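Chemist:
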Amino acid sequence: MMGSGTSLPRSASSIRSTDSQRGKRGAMPTSVTITVTEDQTGLRPNCEWTETYFNNQPASEPYSDDDLETVFDDCLDARSVIDGENGIDLKPSNKSLHASTLHVSIPKIQSLQITGFDTHLNENQKAHRTDEYENENLVIRRGQDFKLTVNLNRKYNPQKENLYLRFAAKSKHPRQANGTLILLSFDGSGENNGWTIKLESSEDGLVTATVNASSGCIVGPYGVTIVVKNKRTGLQREFKQNETIYILFNPWCERDSVYMSDEKDRQEYVLEDFGLIWRGNYRNPHAKMWNFGQFDKDVVDTVLEILHDFVRVEDRGNPVKVTRILPAILNAAGRLPGGVLSGKWDGLYKGGSRPTQWQGSVKILEEYRKHKKPVKYGQCWVFAGLFTTVFRCIGIPARCVTNFFSAHDSDDSMVIDKFVSHDGVDIRGGDSVWIFHVWNEAWMARPDLDPGLHGWQVVDVTPQETSEGIYQCGPAPVEAIKRGLVNQGYETRFIFAEINADRVTWMIVPDKHHRNNPESAGYELVDLEKNAVGKMQCTKAVGSNEIRDVTMEYKHVAGSDGEKEIVANALAKGMQRGFYDQEPPDHDIVIYLDELNDITIGDSFELKAQIANLSDESRKVALIITLHSTLYTGVIGHQIKRKKLELELGPRDNVQQSLSVLVEDYLDKLEEQGLLTIFALLTVKETDKTISKREDIRVKMPDLTVNSEVTGSEVKLTVELTNPLDRGLTNCMFVIEGSKMVKPFSVKQDNIRAKESITRDITFRARNTGLKPILVGFESDQLRDVTGHVLIRVRTLEC
-9 MMGSGTSLPR
1 SASSIRSTDS
11 QRGKRGAMPT
21 SVTITVTEDQ
31 TGLRPNCEWT
41 ETYFNNQPAS
51 EPYSDDDLET
61 VFDDCLDARS
71 VIDGENGIDL
81 KPSNKSLHAS
91 TLHVSIPKIQ
101 SLQITGFDTH
111 LNENQKAHRT
121 DEYENENLVI
131 RRGQDFKLTV
141 NLNRKYNPQK
151 ENLYLRFAAK
161 SKHPRQANGT
171 LILLSFDGSG
181 ENNGWTIKLE
191 SSEDGLVTAT
201 VNASSGCIVG
211 PYGVTIVVKN
221 KRTGLQREFK
231 QNETIYILFN
241 PWCERDSVYM
251 SDEKDRQEYV
261 LEDFGLIWRG
271 NYRNPHAKMW
281 NFGQFDKDVV
291 DTVLEILHDF
301 VRVEDRGNPV
311 KVTRILPAIL
321 NAAGRLPGGV
331 LSGKWDGLYK
341 GGSRPTQWQG
351 SVKILEEYRK
361 HKKPVKYGQC
371 WVFAGLFTTV
381 FRCIGIPARC
391 VTNFFSAHDS
401 DDSMVIDKFV
411 SHDGVDIRGG
421 DSVWIFHVWN
431 EAWMARPDLD
441 PGLHGWQVVD
451 VTPQETSEGI
461 YQCGPAPVEA
471 IKRGLVNQGY
481 ETRFIFAEIN
491 ADRVTWMIVP
501 DKHHRNNPES
511 AGYELVDLEK
521 NAVGKMQCTK
531 AVGSNEIRDV
541 TMEYKHVAGS
551 DGEKEIVANA
561 LAKGMQRGFY
571 DQEPPDHDIV
581 IYLDELNDIT
591 IGDSFELKAQ
601 IANLSDESRK
611 VALIITLHST
621 LYTGVIGHQI
631 KRKKLELELG
641 PRDNVQQSLS
651 VLVEDYLDKL
661 EEQGLLTIFA
671 LLTVKETDKT
681 ISKREDIRVK
691 MPDLTVNSEV
701 TGSEVKLTVE
711 LTNPLDRGLT
721 NCMFVIEGSK
731 MVKPFSVKQD
741 NIRAKESITR
751 DITFRARNTG
761 LKPILVGFES
771 DQLRDVTGHV
781 LIRVRTLEC
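Those letters in the sequence shown? Residues -9 to 789, per the working numbering, in order.
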């Protein structure tokens, strides 16, 4: 409404001056005074406006009734007053066409106002499968209908006014050209960047519409503004709403590029908020339960902040670009500025948390949001768990995949070189084989690549080499890796080598003529192992806590025609040949190492080596057996035991040698993953050939026994632990968390004596109802990575 003294608009229709229009009925008034009286609502005080019309015409010039009506129409339109529907008579009964001033009295009518906005949060989120999200804001998935209702102060009249919904993606300068600004008319006319709206009902001041966000729209938070526009005057008022709407990717929508057809897979890879990450070795894998917590309010807010801060707004709707960029943000080594989590692999974690202490992503993201600095510290499975949280949170199907004996090919040769001295001492080179390595897969279409490469894409948040100057790896299609199409996708060739490279052992032999010149050293090929890396790729099974072997999704059976074909494809696409055209050395002496899968920390054990002579002649051999602690990255740690001896084997003979290992031999040298490496080096005097053998074993940690009792929202955990060591445990602590049930918290525990069993009660109040696992971890100076969990059901939040 215009205030007192404000000039009325002068429309072209109100300045008609031709004789044919005016007629000859009297002199024109030089001014018009319109008095707006109160209507029955009493929303505004009486106001009076005055304006001179046709002031360029002599007072004696007549004008028509149409001219006068136009003046009234202009005044009414400028004030958004509805005419006939509210009983207003535009032609006053006592007008005098010959007067110099015309007085007209009309009732004031309310302008259209927005009095409320209903996002139908519960109804929409249930339909969009986002009802688990803790945020108070509406969370929906793109490409799917959702309902909104606008509350008005009176009935909406589409003949007189337009009503619009304007959605603005969080951006510095939202605009329609790049899809960051969407304007939808309630009359349903047309679409905007693939968005549509349909008016469902309009009555009694309530207008309800169904909106569908484009299946390719920008993902993230949107502000909402309701716009009211008068059709005749073009005057527009805007009502910005407090509610923010979050729009996610939609694996349930066939038009979305992350569409996944199987409902069980969608439940697992999008909606499951906890999971298992497999570690250990391929003969004895064990699972780390992880709290993804993608529905936690702080997690959602942090993830969307990261998306906004580090991904260009135009790229936020493209899963390929999002998947390329975000992993380099999650890893502090990946891209500057930024970095959510810092990695560390040397066993020294001063100033941060040991990677084994983390049980989920929630606390990591909370710390990052609070301090805006990289959280310390993570390793590959921690990064993989964090990635899964972030991507499930925004709606992209994701899972953790473990590659056992994962090759790190530093020179792109598809050969992993191991160097040892002539007495069996490991000499670290540029290549390595990780005992296990955890990466991720994200599900999406790949229109940017050749056909047939949609589906799971490998993404490694802890890449060992840079790409385009940044530590980043993927997305690389699993199908391309299996088919040897190493020119498809990002870093496909590197991942292909991780599961297909040869493993070669070299013994450094100094040249006899230049013993004092290290550069003259020669190398003797000791062993060539094909199929020694990429032993198994596995993930959590859908709908259960079992292991799922997905090796055949990555590679063909060793030695099969399929394997030969994919190697040929890889070579044709630019991979280096390496040793694929060579066979392993032929030896008439073989060595076998016993597999040990049931060693528990605190146990003594015995290593056994079997040496067999396959020839018909006697053989004299020199044998060196070494036991080391090992980082899971394959880097040799402390030497624990070493045995060197000479043996004589008769024709077709075999002997067994043992190496006893006591608890005190390894306990203080054990790395936090509890991994040990046995390396045997055997030299045959008669043939002057050297043979090597390596096995990795894991020393298991004790489990926690966890029971629960739930009363209303009160949860009591009873945790039982037995110290397996002959020494006390110091600096003890329990760590507890559960998705949506309880924020991560820790409880200090008194020192635990040698061989002592303890029972500890821990209580907390549940934040939500439902069926969820509660994870409990235990850490001390002597024991690490000790875990347990229990499934609880909270039916009510009342005690």
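Glycine included, each C-beta is placed from N, C-alpha and C at the ideal position. Since we're looking at a predicted model, the values are computed, not measured.
1) In whole angstroms, what is the alpha-carbon distance linking D606 and I489?
2) Applying the criterion that 16 or more other CB atoms from any shown protein chain within 10 Å of the CB defines a buried residue, is K353 buried or exposed?
3) Quick check: the Cα distance between N274 and I726, rounded to an integer number of angstroms?
4) Alpha carbon to alpha carbon, how far is I208 from P148? Give it in angstroms, no decimals.
5) Roughly how many whole angstroms lie between the Cα atoms of G283 and G375?
6) Who are the near neighbours of R609 in its chain, counting only those whose CB is closer than 7 Å to its CB and skipping five residues on each side?
7) Would you mind reading off the limits of the beta strand (DSSP E) that contains R227?
8) Considering only the beta carbon of each residue, do I425 and Y622 sit closer than 8 Å?
9) With 16 as the cutoff for other CB atoms within 10 Å, does E769 come out buried or exposed?
10) Buried or exposed for I417, going by 16 or more other Cβ atoms inside 10 Å?
11) Whose C-beta lies closer than 7 Å to the C-beta of V645 among residues of the same chain, with five residues either side of it excluded?
12) Out of curiosity, what's the CA-to-CA distance linking I386 and M250?
13) What separation, rounded to the nearest whole angstrom, lies between the Cα atoms of G210 and T198?
14) Please report how far the alpha carbon of N721 lies from the alpha carbon of T749, in whole angstroms.
15) Among V217, T200 and D299, which has the Cα closest to the Cα of K162?
16) Between which two residues does the alpha helix (DSSP H) containing P309 stretch?
17) So within the stretch 164 to 207, which uninterrupted beta strand (DSSP E) runs reach at least 3 residues, ignoring any that extend past its ends?
18) Can you give the Cα-Cα distance for Q462 and V540, rounded to whole angstroms?
19) Check this for me: beta carbons of T292 and L331, under 8 Å apart or not?
20) So what does G512 bridge to, in DSSP terms?
21) Quick check: what's the CA-CA separation for G184 versus I237?
22) Here's the rule: buried if 16 or more other CB atoms are within 10 angstroms of the residue's CB, otherwise exposed. What is F595?
23) Counting Cβ pairs closer than 8 Å, one from the stretch 708 to 723 and one from the stretch 548 to 568, do we hit at least three?
24) For L331, would you say it is in contact with chain C, using Cβ-to-Cβ distances shorter than 8 Å as the test?
25) Helix, strand or coil, according to DSSP, for V260 in the structure here?
26) Under the rule that 16 or more other beta-carbon atoms within 10 Å means buried, what is N697, buried or exposed?
27) Which residues bound the beta strand (DSSP E) around V737?
28) Just to confirm my understanding: we take L58, look at its own chain, exclude 5 residues before and 5 after, and list those with CB closer than 6 Å. What are they?
29) Which residue marks the beginning of the beta strand (DSSP E) containing R382, and which one marks its end?
30) Compare the C-alpha of K683 against each of T695, K690, T667 and V689 and name the closest.
31) Kindly indicate which residue of F157, V625 and G459 has the alpha-carbon position closest to the one of G170.
32) Throw me the rounded Cβ distance for the L174 and V218 pair, which I believe falls under 8 Å.
33) If distances are taken between C-alpha atoms only, which option among E661, A531 and K278 comes closest to V689?
34) Where does M18 sit, in a helix, a strand or coil, going by DSSP?
35) Does the stretch 398 to 410 come close enough to the stretch 361 to 371 to have 3 or more Cβ pairs within less than 8 Å?
36) For H276, verify whether its CB is less than 7 Å away from any heavy atom of the ligand NAP.
Modeler: Here's the rundown:
1) As a working mapping, residue 606 is identified with position 616 in the sequence shown. As a working mapping, residue 489 is identified with position 499 in the sequence shown. So the two alpha carbons sit approximately 38 Å from each other.
2) What you label residue 353 is simply residue 363 of the sequence shown in a count that begins at 1. It counts as buried.
3) Locating residue 274 in the sequence shown gives position 284, where the first residue counts as 1. Locating residue 726 in the sequence shown gives position 736, where the first residue counts as 1. For N274 and I726, the distance between alpha carbons rounds to 26 Å.
4) Stepping through the sequence shown from its first residue, residue 148 is reached at position 158. Stepping through the sequence shown from its first residue, residue 208 is reached at position 218. Straight-line Cα distance between these residues: approximately 30 Å.
5) As a first step, residue 283 is located in the sequence shown; it is residue number 293 there, counting from the start. As a first step, residue 375 is located in the sequence shown; it is residue number 385 there, counting from the start. Taking the straight line joining both Cα atoms gives about 10 Å.
6) Counting from one through the sequence shown, the residue named residue 609 turns up at place 619. Hits under 7 Å: I579, N603, L639, V674 and E676.
7) The residue labelled residue 227 in the question sits at position 237 within the sequence shown. First-last of the beta strand (DSSP E) with R227: Q226 to L238.
8) Your numbering for residue 425 matches position 435 in the sequence shown. Your numbering for residue 622 matches position 632 in the sequence shown. Against a cut-off of 8 Å, the Cβ pair of Y622 and I425 comes out as a contact.
9) By one-based count along the sequence shown, residue 769 stands at place 779. Per the 10 Å Cβ criterion, buried.
10) Translated into the one-based positions of the sequence shown, residue 417 becomes position 427. Classification of I417: exposed, given that the 10 Å Cβ count is below 16.
11) Here residue 645 corresponds to residue number 655 of the sequence shown, with the count starting at 1. Spatial neighbours of V645 in its own chain (CB-CB distance under 7 Å, excluding positions within 5 residues in sequence) are listed in chain order as I601, L637 and L639.
12) In the sequence shown, counting from the first residue as 1, residue 386 sits at position 396. In the sequence shown, counting from the first residue as 1, residue 250 sits at position 260. When rounded, the separation of the alpha-carbon atoms in I386 and M250 is 10 Å.
13) Translated into the one-based positions of the sequence shown, residue 210 becomes position 220. Translated into the one-based positions of the sequence shown, residue 198 becomes position 208. Taking the straight line joining both Cα atoms gives about 24 Å.
14) Taking the sequence shown and counting its residues from 1, one reaches residue 721 at position 731. Taking the sequence shown and counting its residues from 1, one reaches residue 749 at position 759. Going from the Cα of N721 to the Cα of T749 covers about 17 Å.
15) Sequence index remark: in the sequence shown, residue 162 carries index 172 (1-based). When each option's Cα is compared against that of K162, the closest is D299.
16) Residue mapping note: residue 309 aligns to position 319 of the sequence shown, counting from 1. Element bounds for P309: P309 to L320.
17) DSSP runs (the beta strand (DSSP E)) wholly in the stretch 164 to 207: 171 to 175, 186 to 193 and 196 to 202.
18) Here residue 462 is taken as the residue at index 472 of the sequence shown, counted from 1. Here residue 540 is taken as the residue at index 550 of the sequence shown, counted from 1. Straight-line Cα distance between these residues: approximately 23 Å.
19) Position 302 of the sequence shown holds residue 292. Position 341 of the sequence shown holds residue 331. The answer is no: Cβ separation not under 8 Å.
20) Along the sequence shown, one-based indexing puts residue 512 at 522. Note: G512 sits in a beta bridge opposite V499.
21) Residue mapping note: residue 184 aligns to position 194 of the sequence shown, counting from 1. Residue mapping note: residue 237 aligns to position 247 of the sequence shown, counting from 1. One C-alpha to the other measures close to 14 Å.
22) Locating residue 595 in the sequence shown gives position 605, counting from the first residue. Note on F595: 16 or more other CB atoms within 10 angstroms of its CB, so buried under the neighbour-count rule.
23) Here the stretch 708 to 723 makes no contact with the stretch 548 to 568; the two share fewer than three CB pairs at distances below 8 Å.
24) Note that chain C does not occur in the displayed structure, where there is just one protein chain.
25) Walking along the sequence shown from the start, residue 260 turns up at place 270. When DSSP states are grouped into helix, strand and coil, V260 belongs to the helix group.
26) Your numbering for residue 697 matches position 707 in the sequence shown. Exposed, by the Cβ-count rule.
27) Residue 737 sits at position 747 when you count from the first residue of the sequence shown. DSSP places V737 in the uninterrupted beta strand (DSSP E) bounded by V732 to Q739.
28) Against the sequence shown, residue 58 aligns to sequence position 68. Residue confidence for L58 is low, a pLDDT of 46 falling below 50, so the modelled location carries little weight and cannot support an answer.
29) By 1-based counting over the sequence shown, the position of residue 382 is 392. Counting along the chain, R382 falls outside any beta strand (DSSP E), though it belongs to the alpha helix (DSSP H) covering C370 to C383.
30) On the sequence shown, residue 683 is found 693 positions in, with the first residue counted as 1. The shortest C-alpha separation from K683 is found at T667.
31) Taking the sequence shown and counting its residues from 1, one reaches residue 170 at position 180. Reading off the sequence shown, one finds Thr at residue 170, where the question assumed Gly. For the options F157, V625 and G459, the alpha carbon positioned closest to that of T170 is the one of F157.
32) Indexing the sequence shown from 1 puts residue 174 at position 184. Indexing the sequence shown from 1 puts residue 218 at position 228. With a Cβ gap of about 14 Å, L174 and V218 do not count as contacting.
33) By 1-based counting over the sequence shown, the position of residue 689 is 699. Check the Cα spacing between V689 and each of E661, A531 and K278: the tightest is with E661.
34) Looking up residue 18 in the sequence shown gives position 28. Any reading at M18 is ruled out, since the residue's pLDDT is 43, under 50, leaving its predicted position unreliable.
35) Short answer: they don't touch.
36) Here there are no bound small molecules, and the ligand NAP is not part of this structure.
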